[in-house]
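Below is one structure; the comments refer to it alone.
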Amino acid sequence: MLRFLTRRTLGAAVILVIIAAVTFFLFFAVPADPARLACGKVCPPETLAQARHNLGLDQPLFVQFVTWLAGIFAGRDYEGLGHCPAPCLGFSFVNHAPVFDTIVDRMPVTISLTIGSSVIFLLFGVGAGIIAALNQGRPLDKIASVASLIGASVQIYFVGTLAMYFLVYQWNVIERPRYVPFTDNPLQWAYGLLLPWVVLAIIFTANYTRMARSTMVEQLSEDYVRTARAKGMSSRTVILRFALRGTLTPIATIFGVDVASLIGGAIITETTFSLQGIGRLSIQAVLNSDLPMLMATVLLAAAAIVVFNVIVDALYAVIDPRVRLS
Amino acid sequence: MALPSPATTEGSDPVAAAQAATAGTGEPALVGRSPAQLMWRRFRRDRTGVISAVIVLFFVLVALAAPLISAVYGKDPYTTYGLDDPGLLNAYGFPILPNGGISSEFWFGIEPGLGRDVFTQLVYGIRTSLLIALAATAVTTVIGIVVGIVAGYTGGRTDYFIGRAIDVLLSFPSTLFIIAFMPVLENLLVKPDEETPVWLRAAALITFLTVFGWAGLARLLRGNVLSLREREFVEAARVTGASPARIIFKELLPNLWTPILIQSTLLLPALVTSEAALSFLGVGMIEPVPDWGRMFLRGTEVYQSDITYLMFPGVALLVFVVAFNLLGDSVRDAFDPRIRR
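Residue numbers (this note's numbering), protein chains in the order written: chain H, -11 to 314; chain L, 3 to 343.
Below is the structure:
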């Protein structure tokens, strides 16, 4: 297990460096002058040269990349802007705030969005899938399959906007979604994010229902399930202790992918509900050509995907003893 | 002479059958039953599959006949009727008639602000979305097939490096990257004082969707090739001195058409929605080309005052994607009845 984790972590680190390098060179190689953006609207030539020097933009591109990368681990000093302690992702070109602090500031919104919706779609998705599998061909199964088909085909910017229009503005059932820190008021936190959670869950649940249903159907015909039944175990024990465990492997795979993509910034969801999380932050970084901020959000999103891949692979061994990590 | 492979003995061309199936036109049954015919027979009995095929076909026909429909209807998606005729929009730019200005004149209402006709925008919008998605699906599939077969067949170091490249690509936050890189690309290719040409934006969209799309298919096909490579018929072909080209095209490829076809039927609706999502985020098709994604963008800007404008592309896209997903499931069932969903 330890060897597996070491190897996979190293592999993940290499992937992240490659992604950072590709992003860095593509964006910094652009004719648009980052120093001019950092300098502001009225910018005399000597100030511009100074800004360029302070940001290290007068160095060769490769040196810039290495300095940027080293800054994440060791921190770095910007002339005129001061020291940036590790993990240093640079200063925003737009408001000169340290990028890392901004990320830390926005992260709770995205994490709250992820936690709430993933709890809903995991419970409902897997639950509906199992119920459908146990009622194969009956009305419940048909309802679940139609619902999951539609759920898998709707778009968040469509359902989300419809939900906003009807529930918030027309019928006043719920207030506009907003973020209240969990530590301030857990109830307000849940209430403020309920609508985005449910809408996100509608989109994601479908996948889990289909996956859970099809693997559960397979599991129920497995030899060990039949043996357990033959031994006279109650169907509840058989389903919960044997069959359910077998369905968890494929579920863990898609769950890892989905959570990673949400943590990396639910761009469309946060745009639809105007929540100020990582997704909004990345879009704003693009609109403002705020390269350090953009680099940070790209790196964060990639890191989420890579880290969750490793976690899911390690989980396989825990869920299914037949899996060998080699 | 190489020994016949399972697929060649059965003398099949599943793709032709699938095309026939998706097009909804069956050829008269020949003597003997090839896998293609079996597939077609199974498909024809699947009522859901046939209905969804008809719906998909309807969308394709509407896209093809867009100029004709527009001519009969008497309007086009570019003219700003609302601005030209002061009786249509109020002082805030919203349709005066209820429900987004739906009338016998404008069947689906008029666009808030510019006052263009929604019906023709929707009809022409299918063209944009389908064309981009089709092109991206085609290129993605070809690259996926080539890379997957090369990686699986050659193995060794080539396979290792292709595998790592796929790992990197699948870890890329693709949506964010496309949104961020689109302005960069245009900065490089278009002079600051010029407008971005439409073909360039379309080509960029197709390229980006392809770059981030082929890796999944390639990985899947590589796995299939790895297991096929060890089968007796491939070994037999190799022993009898068949060239690699013959092994790839005559022995491996015929056995790969099923996963390829299933994957590309699932890929197309996914790419239609990706394209719409990118347009919604502001990096899709540019004005004035009619596009569903941009209708979403405009629709979400004005939904508090005029929800109707959002409903049409929303429902149209939903129906299209549901039909296409159902069709994909039916194609898979017809090809491989063992898979139980």
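Where is the CB? At the ideal position from N, CA and C, for every residue including glycine. Predicted model, so just to flag it, every value in this text is computed and none were measured.
Next on the checklist: Please report whether the beta-carbon of residue 308/L lies at a distance below 8 Å from any beta-carbon of chain H.
Outcome noted: no
Checklist entry - Roughly how many angstroms separate the alpha carbons of residue 271/H and residue 303/L, rounded to a whole number? => result 17 Å
Next on the checklist: Let me see if you follow: with CB-CB separation under 8 Å, is residue 311/L close to chain H or not?
Outcome noted: no
Checklist entry - For residue 41/H, does the three-state DSSP call read helix, strand or coil? => result helix
Item to check | Integer Cβ distance of residue 122/L from residue 161/L, believed to fall under 8 Å | outcome: That pair is no contact at about 50 Å.
Checklist entry - Would DSSP call residue 96/H helix, strand or coil? => result helix
Checklist entry - Going along the chain, which residues of its own chain have a beta-carbon closer than 7 Å to the beta-carbon of residue 135/L, five neighbours each way excluded? => result 270, 273, 274, 277
Checklist entry - Going by beta carbon distance, what residues of the same chain come within less than 7 Å of residue 26/L, once the five residues before and after it are set aside? => result Residue placement at residue 26/L cannot be trusted, given a pLDDT of 46 that sits under 50; the coordinates are not used to answer.
Checklist entry - Whose Cβ in chain L lies nearer than 8 Å to the Cβ of residue 294/H? => result 173
Checklist entry - How about residue 5/H: is its C-beta nearer than 8 Å to some C-beta of chain L? => result no
Item to check | Per DSSP, cross-strand counterpart(s) of residue 7/H | outcome: Bridge partners of residue 7/H: none, in fact.
Checklist entry - Hey, would you say residue 314/L sits closer than 8 Å to residue 110/L, going by beta carbons? => result yes
Checklist entry - Alpha carbon to alpha carbon, what distance is there between residue 164/L and residue 153/L? => result 6 Å
Item to check | Bridge partners - residue 97/L, DSSP secondary structure assignment | outcome: 91/L
Item to check | Within 9 Å of chain L by C-beta, residues of the segment 269 to 284 of chain H in sequence order | outcome: 270, 271, 273, 274, 275, 277, 282
Checklist entry - If you scan the segment 81 to 135 of chain H from start to end, which runs of the alpha helix (DSSP H) of 4 or more residues do you find wholly inside it? => result 87 to 122
Checklist entry - Between residue 74/L and residue 300/L, what straight-line distance do the alpha-carbon atoms span, to the nearest angstrom? => result 27 Å
Item to check | Contacts of residue 305/L in chain H (Cβ-Cβ under 7 Å) | outcome: 149, 153
Item to check | Below-8 Å beta-carbon distance, residue 142/H vs any chain B residue | outcome: Note that chain B does not occur in the displayed structure, where the protein chains are H and L.
Checklist entry - Are three or more beta carbon pairs between the segment 254 to 261 of chain H and the segment 235 to 242 of chain H nearer than 8 Å? => result no
Item to check | Endpoints, the alpha helix (DSSP H) within which residue 167/H is located | outcome: Counting along the chain, residue 167/H falls outside any alpha helix (DSSP H), and DSSP gives it neither H nor E.
Item to check | One or two residues paired with residue 66/H in a DSSP bridge | outcome: 70/H
Item to check | Residue nearest to residue 88/H in terms of C-alpha spacing, selected from 308/H, 306/H, 298/H, 266/H | outcome: 266/H
Next on the checklist: Please report the straight-line C-alpha distance between residue 310/H and residue 47/L, rounded to a whole angstrom.
Outcome noted: 40 Å
Checklist entry - Is the Cβ-Cβ distance between residue 311/L and residue 170/L less than 8 Å? => result no
Item to check | Sheet register partners of residue 112/L (DSSP bridge) | outcome: 119/L
Checklist entry - Exposed or buried, which one is residue 158/H when buried takes at least 16 other CB atoms within 10 Å? => result exposed
Checklist entry - Can you name the residues of chain L whose CB is closer than 8 Å to the CB of residue 253/H? => result 175, 178
Item to check | DSSP three-state assignment for residue 174/L, whether helix, strand or coil | outcome: coil
Checklist entry - If residue 216/L sits next to residue 262/L, beta carbons under 8 Å apart, how far is it from one beta carbon to the other, in whole angstroms? => result Not quite, the Cβ-Cβ distance comes to about 12 Å (not below 8 Å), so this is no contact.
Checklist entry - Is the Cβ-Cβ distance between residue 102/H and residue 298/H less than 8 Å? => result no
Item to check | Boundaries of the alpha helix (DSSP H) in which residue 67/L is found, first to last residue | outcome: Per DSSP, residue 67/L belongs to no alpha helix (DSSP H) and is neither H nor E.
Checklist entry - Using a Cβ-Cβ distance under 8 Å, would residue 137/H count as near chain L? => result yes
Next on the checklist: Just to confirm, is the Cβ distance from residue 288/L to residue 200/L under 8 Å?
Outcome noted: yes
Checklist entry - Which residues in chain H sit within 9 Å of residue 65/L, going by Cβ to Cβ distance? => result Under the 9 Å cutoff, chain H gives no residues; its nearest Cβ is about 19 Å from residue 65/L.
Checklist entry - Which of the three DSSP states, helix, strand or coil, is assigned to residue 53/H? => result helix
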